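So the structure is just underneath, and the comments pick up after that.
There are 2 protein chains.
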Amino acid sequence: MTEEQALKYLQDTLFVVGGKWKLPILRAIHSGNYRFRDIQRSMPLITTRVLSKELKHLEENKLVIRTVYQSPLAVEYKVSHYMHSLLPVIKEMILWGKNHRKKISEE
Amino acid sequence: MTEEQALKYLQDTLFVVGGKWKLPILRAIHSGNYRFRDIQRSMPLITTRVLSKELKHLEENKLVIRTVYQSPLAVEYKVSHYMHSLLPVIKEMILWGKNHRKKISEE
Chain A
1 MTEEQALKYL
11 QDTLFVVGGK
21 WKLPILRAIH
31 SGNYRFRDIQ
41 RSMPLITTRV
51 LSKELKHLEE
61 NKLVIRTVYQ
71 SPLAVEYKVS
81 HYMHSLLPVI
91 KEMILWGKNH
101 RKKISEE
Chain B
1 MTEEQALKYL
11 QDTLFVVGGK
21 WKLPILRAIH
31 SGNYRFRDIQ
41 RSMPLITTRV
51 LSKELKHLEE
61 NKLVIRTVYQ
71 SPLAVEYKVS
81 HYMHSLLPVI
91 KEMILWGKNH
101 RKKISEE
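Taken in sequence, the protein lines are chains A and B. Just so it is clear: in the first sequence, position 67 is 67 by full-length UniProt numbering, and no numbers are missing. Just so it is clear: in the second sequence, position 20 is 20 by full-length UniProt numbering, and no numbers are missing.
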């Protein structure tokens, strides 16, 4: 793998999970908020437009599954099985973030 | 660790390494571009203002060390030893990004 390729893969990952809202949205769904308004209610600062855009993005990247029920008509979002493939990245990021806070507050 | 704390640490890490330019800047410095104009020359699309802002941010987060030499007057940027603590995160992100490309292009 060239440095160029490695950088591209890194930026792909950042593109998929980066930004202010994606991880909080995944967490909201994972905690049982499957409907749009429930997700939105659990994240008071997010606008409808941004939530729609981010859900679409998460769906395109296979991290979230959108299901439409006919009667009664309802749309639900669930975290995909594929999302579990992100857990090693998330684990390392949590670990690093925790140590980084200590490092920055020490000095 | 509560879910709230974990999310905060995650967002800290994304805040430090996220965005379009930080990782390419670190890579440019790591490849031997220690002066501002060398970094900028190796990244044609970045503006002076953005490069200054991102270098300051990387310095505040201890990933880059800025050294001022007196005579002749010169400023150099080097990747800090602390930067190596990010390697596990970067490794996992490269791995995930590589597999994600395959996953998305398969379907």
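Quick reminder that beta carbons are idealized off the backbone N, C-alpha and C, glycines included. All values reported here derive from a predicted model rather than from experimental measurement.
If we ignore side chains and look at the alpha-carbon of each, how far apart do residue i and residue j end up?
{"i": "B/Pro24", "j": "B/Leu55", "result": "11 Å"}
{"i": "B/Ile46", "j": "B/Arg37", "result": "11 Å"}
{"i": "B/Met89", "j": "A/Gly97", "result": "For clarity, residue 89 of chain B is Val in the given sequence; the question names Met instead. C-alpha separation (whole angstroms): 10 Å."}
{"i": "A/His30", "j": "B/Ser71", "result": "58 Å"}
{"i": "B/Thr13", "j": "A/Phe15", "result": "14 Å"}
{"i": "B/Arg8", "j": "B/Pro44", "result": "The residue asked about is misnamed: residue 8 of chain B is Lys in this sequence, not Arg. Looking at the two C-alpha atoms, the distance is approximately 34 Å."}
{"i": "A/Leu73", "j": "A/Tyr34", "result": "14 Å"}
{"i": "B/Ile39", "j": "B/Lys91", "result": "23 Å"}
{"i": "A/Arg66", "j": "B/Arg41", "result": "44 Å"}
{"i": "B/Ala6", "j": "A/Leu87", "result": "12 Å"}
{"i": "B/His84", "j": "B/Thr48", "result": "27 Å"}
{"i": "A/Lys22", "j": "A/Lys53", "result": "10 Å"}
{"i": "A/Ala28", "j": "B/Glu106", "result": "29 Å"}
{"i": "B/Glu3", "j": "A/Glu4", "result": "35 Å"}
So, residue i versus residue j, is the Cβ gap smaller than 9 Å?
{"i": "B/Leu63", "j": "B/Leu26", "result": "yes"}
{"i": "A/Asn99", "j": "B/Ile104", "result": "no"}
{"i": "A/Val68", "j": "A/Val75", "result": "yes"}
{"i": "B/Gly18", "j": "A/Gly18", "result": "yes"}
{"i": "B/Tyr77", "j": "B/Glu59", "result": "yes"}
{"i": "A/Gln11", "j": "B/Lys20", "result": "yes"}
{"i": "B/Met93", "j": "A/Ile94", "result": "no"}
Would you check whether the ligand SAM has a heavy atom nearer than 8 Å to the C-beta of residue i?
{"i": "A/Glu54", "result": "Among the components modelled here there is no ligand, and therefore nothing to report on the ligand SAM."}
Compare the C-beta of residue i against all C-beta atoms of chain B and say whether one is closer than 9 Å.
{"i": "A/Ser42", "result": "no"}
{"i": "A/Asp38", "result": "no"}
{"i": "A/Met83", "result": "no"}
{"i": "A/Gln70", "result": "no"}
{"i": "A/Val75", "result": "no"}
{"i": "A/His57", "result": "no"}
{"i": "A/Glu54", "result": "no"}
{"i": "A/Leu51", "result": "no"}
{"i": "A/Lys103", "result": "yes"}
{"i": "A/Ile94", "result": "yes"}
{"i": "A/Thr13", "result": "yes"}
Looking at chain A, is there any beta carbon in it that lies within less than 9 Å of the beta carbon of residue i?
{"i": "B/Asn33", "result": "no"}
{"i": "B/Thr67", "result": "no"}
{"i": "B/Leu45", "result": "no"}
{"i": "B/Lys78", "result": "no"}
{"i": "B/Thr48", "result": "no"}
Under 8 Å between beta-carbons, which chain E residues line up against residue i? List them in chain order, please.
{"i": "B/Ala28", "result": "Reference to chain E is not applicable here, since the protein chains of this structure are A and B."}
> Can you give, in chain order, each stretch of the beta strand (DSSP E) that sits fully within the stretch 14-71 of chain A and has at least 3 residues?
Replying inline: 64-69
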